[in-house]
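Just below is one structure, and these are the notes that go with it.
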Amino acid sequence: MAVTPKTQLIDLIKMGKRMTLKQQLRLTISLSTPAILAQLSSIIMQYIDASMVGSLGAHDSASIGLVSTTMWLFGGLLGAAAMGFTVQVAHHLGANRSDLARKVLRQSLVVCMLFCLTLTAIGVAISGPLPHWLGGEEAICHNASVYFLILSLFLPFLMIDILAGGMLRSSGNMKVPGMLNVLMCVLDVAFNFFFIFPSREVIVLGHPVNMPGLGLGVTGAALGTVLAEVVVCLPMMYFLLVRSRDLKLLGTRGSFKPTSDCLKKAFKIGTPIGLQQVMMCGAYIATTAIVAPLGSVALAANIFAITAESLCYMPGYGISEAATTLVGQSAGARRKDLMKRFATITVVSGMVIMTVMGALMYVGAPLMMGFMSPVQEIVDLGAQCLRIEAWAEPLYAVAIVSYGVMVGAGDTVAPSLMNLCSMWIVRITLAMLLASSMGLTGVWIAMCIELCVRGSIFLIRLASGRWIKINSISNS
């Protein structure tokens, strides 16, 4: 594969050569831009997806919203399992040891798929009673169960997407996983358009066109999502195993048998992230349980507002992915100076972008909610929540990007504890206190306060430098 300017800049890290501030900025922008565009495209497609389901009514929207947080938990656990290996790969590549990076990759394919199959079995087993456990109204429980069951059955394909995308990003290739994630979102919308609605006549450029459809409603939304995951996982693996300059396995030889050294490191990195995901998503589930008794309108407004708000914070996650790669490779190359500089550049960039996005969200809140639901009561309540949340976006950016910085350095325990304490002590406690008197707006006020607290403590740790860890990466 041709050596691009971005690859040349990454090679400067590996070879221990001096990088100017201009080169650091160029590399940060080149890695962040595809990830940000992918995240934004993903959210735009989710808006369209949400509007499709929203058009079916508050009950169908609520049935998806009820179990979404639990599915986030499963996705987070898959991501934690992958992260235990992708951080090792970034460190090896930063130390210019592609052979060891490939060794870790082989082992990750076996371990992550075994872990995923376990989660799949658990998801199938709990799909029936889960909506009842979460306090859902009887009218929405059946659809919620079917939706969760379908997504659980296809978790192995999601695991492939997460692992392969993470490995490509750890090598500095943000473009391919970004483009494929955009493709996944486009396919999701296209499939949903066919599966959710019945056959109907639509107007295209002023002319009536017969549009086929299966009219499966919430079930169709689940099928559209999983089929998009299936289609995208194939090219994702192709680019990783066949085309990647640093990680391709085609034409190489090596064992796929997990080694104790690699597993210990993956456990050390991934376990705090996994426990954090359990506790964080547990907090999201607890929040859903707090909101559910408020009724279908509040539940639908909550999930739509969460989707709308993601337009603001997903660019932060794009920058966070770039930060993990940049700091991870700098740590592997034992370059403390670059770790600090890339941390500063990425965190400041995240704050600027999310502050601007927060201001736009405050102004456009009614329009954003109106796009997803025709129910005016849902629109008004959701817009009120978004305007509360807009004030937290700058410090939320600090928390998101700083976490990516610290994960890249291999520092996962402290930031995970910071996330957990902030979520459970501040958000959940305040939400329980405010929901009874202020309804859904009270829950979102609690969320705003908690995100400001979380961003502040991450800023303090980032400034302290305690997250900087230069660990020797031995043979795995």
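42 is the number of the first residue of the sequence shown in our numbering; add one for each residue after it. Think of the CB as a built atom: it goes at the ideal place given N, C-alpha and C, for glycine as much as any other residue. Being a predicted model, the structure only gives us computed values, none of them experimental.
Following the DSSP letters along the chain, one finds Leu291 in no beta strand (DSSP E), marked with neither H nor E.
DSSP places Ile244 in no alpha helix (DSSP H) but in the uninterrupted beta strand (DSSP E) bounded by 239 to 245. With a 10 Å radius around the Cβ and a threshold of 16 neighbouring Cβ atoms, Pro313 comes out buried. Remark: three or more beta-carbon pairs, one from each stretch, lie closer than 8 Å, so the region 420 to 436 and the region 476 to 483 are flagged as touching.
Runs of the alpha helix (DSSP H) lying entirely within the region 249 to 323, each at least 4 residues long, are 259 to 279 in chain order.
For Ser296 and Gln148, the gap between their C-alpha atoms comes out near 8 Å. Annotation: Lys58 is outside any alpha helix (DSSP H) and is labelled neither H nor E by DSSP. In this structure Val283 is not in contact with Ala364, their Cβ atoms being roughly 28 Å apart against a cut-off of 8 Å.
When the Cα atoms are used, Lys377 and Val128 turn out to be separated by approximately 17 Å. In this model, Leu199 and Val165 are separated by some 15 Å (Cα to Cα). Of the residues Gly451, Tyr358, Val442, Leu408, the one whose Cα lies closest to the Cα of Ile498 is Val442. Counting every other CB atom within 10 Å of its CB across the protein chains shown gives Asn214 a total of 16 or more, marking it as buried. Per DSSP, reduced to three states, the secondary structure at Ala363 is helical. Here DSSP, grouped into helix, strand and coil, assigns Pro415 to coil. In the structure shown, the three-state DSSP call for Phe345 is helix. A residue is called buried when at least 16 other Cβ atoms come within 10 angstroms of its Cβ; Val245 does not meet this threshold and is exposed.
Nearest neighbour of Met395 by Cα position, chosen from Pro435, Leu379, Leu209, turns out to be Pro435. Rounded to the nearest whole angstrom, the CA to CA distance from Asp229 to Lys58 is 44 Å. Contact annotation, Ala450 with Met380: C-beta distance approximately 6 Å; criterion of less than 8 Å satisfied. Every alpha helix (DSSP H) stretch that sits fully inside the region 180 to 230 and reaches 4 residues is listed by chain position as 196 to 211.
Counting the other CB atoms within 10 Å of its CB gives Trp485 a total of 16 or more, which places it among the buried residues. Counting C-beta pairs closer than 8 Å gives three or more between the region 100 to 109 and the region 176 to 192, which meets the contact rule.
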